[in-house]
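Asker:
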Amino acid sequence: MELSQYLRTLRQRWKLIWAAVLVGVAVFGILTLLLQPVYSSTSQLFVSNSSPEGSSTAQGSVAAQQQVTTYAQLLTGTTFVGQVADKLGLEATTSELVQRITVSALPDTVILTITVTAESPQEAQLIANTLAADFEGVVKELETPDPVITESPTGPTTVTGSAPFKVTQTQSAGLSSKPVSPDPMLLLPLGAVLGLLIGVLLALVRHFMDNTVKTNKQIEELTGGAAVGGVLYDATMADRPLASQFNAHSMTGEAYRQIRTNLQYVSVDAPPRVLVVTSSISGEGKTTTAINLALVLAQSGQRVVLVEADLRRPRVLRYLRLVGGAGLTNVLAGNADLTELLQPYGDGKLSVLAAGPHPPNPSELLGSDHMGHLLAELRESHDYVIVDAPPLLPVTDAAVLAVLADGAVIVTRYGSTKREQLRAAADILHGIDARVVGTVLNMVSPKDYGHGYGYGSGYGYGYEPDPNPRDELNAPVTSRRASGRGRTTAERSPDKADKSEKGDKAESVSSDSSSAG
1 MELSQYLRTL RQRWKLIWAA VLVGVAVFGI LTLLLQPVYS STSQLFVSNS SPEGSSTAQG
61 SVAAQQQVTT YAQLLTGTTF VGQVADKLGL EATTSELVQR ITVSALPDTV ILTITVTAES
121 PQEAQLIANT LAADFEGVVK ELETPDPVIT ESPTGPTTVT GSAPFKVTQT QSAGLSSKPV
181 SPDPMLLLPL GAVLGLLIGV LLALVRHFMD NTVKTNKQIE ELTGGAAVGG VLYDATMADR
241 PLASQFNAHS MTGEAYRQIR TNLQYVSVDA PPRVLVVTSS ISGEGKTTTA INLALVLAQS
301 GQRVVLVEAD LRRPRVLRYL RLVGGAGLTN VLAGNADLTE LLQPYGDGKL SVLAAGPHPP
361 NPSELLGSDH MGHLLAELRE SHDYVIVDAP PLLPVTDAAV LAVLADGAVI VTRYGSTKRE
421 QLRAAADILH GIDARVVGTV LNMVSPKDYG HGYGYGSGYG YGYEPDPNPR DELNAPVTSR
481 RASGRGRTTA ERSPDKADKS EKGDKAESVS SDSSSAG
């Protein structure tokens, strides 16, 4: 699968992807409202070196920086933190409190930063300041050397040394007014990104798990025959299902003309003239396809007869708004003459044979010798015989008709007909040695028309004349013979212009009179 196909798949399922994005944002938005707010507070400690006389300031600074790392470990030690927790009477355990304390050293400095998080800003401030204040005493206690007793002229003297390092709180923890988490500015974009990823994944999964018919390649693999055309989905066809009602340059009308052409050239030496139009299941548009195929054949000057052979659910007369009553079943029963029941439609090139009364045994009636003789008689008097038959999978009517005809045209609905259904329908015809002339992919999605299906990119498909031609086409024509120098009538002298206009009017009246005659 190429990158362009992936992109087209994502574009086709953009609603699913956007829905996933919105769900992701909504979920993380709800989490933002439900999660307990967490506040933070920060204090700072300055580590200094009590340099003995004679040592340089640089040496003392380096020693203090080395000591900062040790102090950072002591600040988060369980012993010291436990003492602070006991002092403040906190409900949190020592390990829980340690997880809420972050101690870091600013690079190339002797400054320690203590950050504490808590469910209230007051608690975070209190813990941060207590840690800083108590740690000053801890460092003093740890760094002060033990007293030494020395002998002096006055007697034994206790000498106490000074601590080489000391810690001073340089910044008190403040009271935070805004929680550090949950952060809507972080969570909402994160929800959108996760939703987008999930939406793309779902779109690709649905694409690869889709087992409906959508392309020419699938049709050829499933039926063993050619795809003779595709009809774009048009919501207005519910009100205007006939080709005679289409715009002459519409994509739908051109699609049926393309199907007509392809069927005429399926076999140049022996083109099929008696065609059974069927489908796998109901609802795939086989009746409208049969009617419109008959109409476009008649529009090309062919003598066409449309046989309403779907005796179980006849629809042809309803679409064409013709009179019902006697029809095919009467002819097959020997109760009526065929020529008397053919109803002309349009300019007379198309005739329609209605279904007639509903019989108790449609399959036996359609598979009888009488039906074969009827089709042979219609073949002799017409260029094309189009038979609207029932679907192949529910009943056997279409199969028995396909044996009597030159072949069958299977109508399959884009994105609705399952691949197994189309394969089963084709297998039925192949099993009885009936010819599959071609397959029509009906109700093709406008998004795929001209891409995966292979139609729509050439002239004729929606290539309508300009409804507003350029003004140059309506401009007055320059007559060189009238002006001698290429001037228009308006550029000549007034007298000559008047004479020219009178002559034009007289010529127009003469032309109208001859047309009326």
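In terms of our numbering, the sequence shown is residues 1 to 517. The beta-carbon is built from N, C-alpha and C at its ideal position, and this holds for glycine as well.
1) Ignore the nearest five residues each way along the sequence and tell me which others in Gln65's own chain have a CB closer than 6 Å to its CB.
2) What does DSSP give as the partner residues of Ala408 in its beta bridges?
3) Going by DSSP, which residues form a beta bridge with Ile111?
4) Taking the alpha helix (DSSP H) that Thr32 belongs to, which residues open and close that run?
5) In this structure, what does DSSP give as the bridge partners for Pro344?
6) Would you kindly work out how many angstroms separate the C-alpha atoms of Pro241 and Asp234, rounded to a whole number?
7) Go through its chain and collect everything with a Cβ distance to Gln5's Cβ below 7 Å, but skip five positions before and after it.
8) Which of the three DSSP states, helix, strand or coil, is assigned to Ser40?
9) Compute the Euclidean distance between the alpha carbons of Ala92 and Leu3, then round it to the nearest angstrom.
10) Suppose the cutoff is 6 Å on Cβ atoms and the five residues either side in sequence are ignored; what does the same chain contact list for Gly407 look like?
11) Runs of 3 residues minimum, wholly inside the region 151 to 210: which ones carry the beta strand (DSSP E) assignment?
12) Thinking Gly82 and Thr94 are a contact (beta carbons under 8 Å), I'd like their distance in whole angstroms, please.
13) Please name the residue, chosen from Glu364, Tyr414, Arg413, that lies closest to Ala399 on a Cα-to-Cα basis.
14) With a threshold of 8 Å on Cβ separation, who are the neighbours of Asn335 within its own chain once the five nearest residues in sequence on each side are excluded?
15) Compute the Euclidean distance between the alpha carbons of Ile432 and Ser280, then round it to the nearest angstrom.
16) Under the DSSP definition of a beta bridge, which residues are partnered with Val304?
17) Is the separation between the beta-carbon of Val316 and that of Thr287 shorter than 8 Å?
18) Identify the continuous alpha helix (DSSP H) that holds Ile291 and give its terminal residues.
19) Any idea what DSSP makes of Gly137, helix, strand or coil?
20) In whole angstroms, what is the alpha-carbon distance linking Leu441 and Val231?
21) Under the assumption that Ala72 contacts Leu112 (Cβ atoms under 8 Å), give the Cβ distance between them as a whole number of angstroms.
Answerer: The answer reads as follows:
1) Val110
2) Val276, Val436
3) Phe46
4) 14 to 34
5) Ser351
6) 9 Å
7) none
8) strand
9) 54 Å
10) Pro272, Arg435, Val437
11) 155 to 159, 165 to 171
12) 4 Å
13) Glu364
14) Ala326
15) 16 Å
16) Leu350, Tyr384
17) yes
18) 286 to 299
19) helix
20) 6 Å
21) 6 Å
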